[in-house]
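Using the numbering used here, you'd call the opening residue of the sequence shown number 702 and step up by one each time. Okay, structure first, notes after.
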Amino acid sequence: MVNKIVGWLVLVPLCAVLIAFALANRHLVAVNLNPFAAPADASAAGYGIPLFVILYVVLLIGVLLGGTASWFAQGPHRRRERHWRREAQHLSEELDAMRKSSGEVRKGPMAEVDDLLELR
Numbered sequence: 702m703v704n705k706i707v708g709w710l711v712l713v714p715l716c717a718v719l720i721a722f723a724l725a726n727r728h729l730v731a732v733n734l735n736p737f738a739a740p741a742d743a744s745a746a747g748y749g750i751p752l753f754v755i756l757y758v759v760l761l762i763g764v765l766l767g768g769t770a771s772w773f774a775q776g777p778h779r780r781r782e783r784h785w786r787r788e789a790q791h792l793s794e795e796l797d798a799m800r801k802s803s804g805e806v807r808k809g810p811m812a813e814v815d816d817l818l819e820l821r
């Protein structure tokens with residue numbers, strides 16, 4: 702519940718600031734994909750795009766690149782996690798097999814409840 706409240710307290714003002722920024726920067730800027738063209742050249746004027754669109758696209762690209770970089774950085778951790786999960790599963794299966802061969806009855810999480818119900 703606290704996370705939702707804090708999220709709203711952060712996201713609502715952030716959205717208001719982004720909307721105000723977009724409204725204040727609606728003018729068109731020339732975007733030219735040729736870095737060698739002279740800026741005064743009329744044919745090299747490029748495309749007219751609102752400034753806020755350019756900044757939002759750059760922000761989105763940065764978020765995507767950061768997420769991708771952190772995903773790759775966490776790869777070794779995920780690999781270790783899979784290894785230890787498989788190891789725990791293997792050991793659990795081995796323990797079950799040993800219990801079955803020795804005749805020991807494995808009690809599940811509800812075994813205590815079952816014992817209490819049998820007493821009635």
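Beta carbons are placed, not taken as given, at the ideal position from N, Cα and C, and that holds for glycine.
Which residues does DSSP list as the beta-bridge partners of residue i?
i	result
L883	Limits of the chain in this structure are 702 at one end and 821 at the other, which puts residue 883 out of reach.
Judging by CA-CA distance, which residue of the options is the nearest neighbour of residue i?
i	options	result
N735	M799, Y748, H778	Y748
L729	S793, P751, Y757, H791	P751
F722	L710, V713, F753	F753
Between the alpha carbons of residue i and residue j, how many angstroms are there, rounded?
i	j	result
S771	H778	11 Å
R727	R781	49 Å
Q790	V732	56 Å
F737	I755	20 Å
G708	A717	14 Å
L792	T769	34 Å
R705	M799	Before going on, a small fix: residue 705 reads as Lys here, not Arg. Their Cα atoms are separated by approximately 48 Å.
L765	V759	10 Å
E794	R787	11 Å
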